[in-house]
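Asks:
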Amino acid sequence: MRFVIRADTSVVVAFEPTAAECLLEPGKTIVVEWFDGGDDGMVSLEAGCFVVAAPSGGYTRAWDSDGMEIYVGPESGPEAR
126 MRFVIRADTS VVVAFEPTAA ECLLEPGKTI VVEWFDGGDD GMVSLEAGCF VVAAPSGGYT
186 RAWDSDGMEI YVGPESGPEA R
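Under my numbering, the residues of the sequence shown are numbered 126 to 206, in order.
Have a look at this one:
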């Protein structure tokens, strides 16, 4: 599954289960893709932090507005920052 995160204010995006975090600025986007696993992935807004939880047995990859991969865990590509 692939989806886009966009916000009208600065927000921290946290990726679970790795606890990796990045700041999403207004006008920017983060593209998230879930690979493998079940159908129980979740997104939620908690205390001003947008949380992306990978599905059971699966993993997450993410890219910023410029197409650069964001490091969110060991499955991130070799060019992830």
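Beta carbons are placed, not taken as given, at the ideal position from N, Cα and C, and that holds for glycine.
None of these values were measured; they are calculated from a predicted model.
Inspect the CB distances between the stretch 162-170 and the stretch 186-196 and report whether three or more fall short of 8 Å.
Replies: The stretch 162-170 is not in contact with the stretch 186-196.
Asks: Indicate the three-state DSSP secondary structure (helix, strand or coil) for Ala178 in the structure shown.
Replies: Three-state result, Ala178: strand.
Asks: Alpha carbon to alpha carbon, how far is Gly210 from Gly173?
Replies: No information on residue 210 is available, as it lies outside the stretch 126 to 206 that the chain covers here.
Asks: Find out if the Cβ-Cβ distance for the pair Val137, Glu146 is shorter than 8 Å.
Replies: Yes, Cβ-Cβ distance for Val137 and Glu146 is below 8 Å.
Asks: In terms of residue numbering, what span does the beta strand (DSSP E) encompassing Gly183 cover?
Replies: Gly183 to Asp189 is the extent of the beta strand (DSSP E) around Gly183.
Asks: From Ala139, Leu148 and Ser201, pick the residue whose C-alpha is nearest to that of Glu171; which is it?
Replies: When each option's Cα is compared against that of Glu171, the closest is Ala139.
Asks: Return the CA-CA distance between Pro111 and Val177, expressed in angstroms with no decimal places.
Replies: Nothing can be reported for residue 111, as the shown portion of the chain is limited to 126 through 206.
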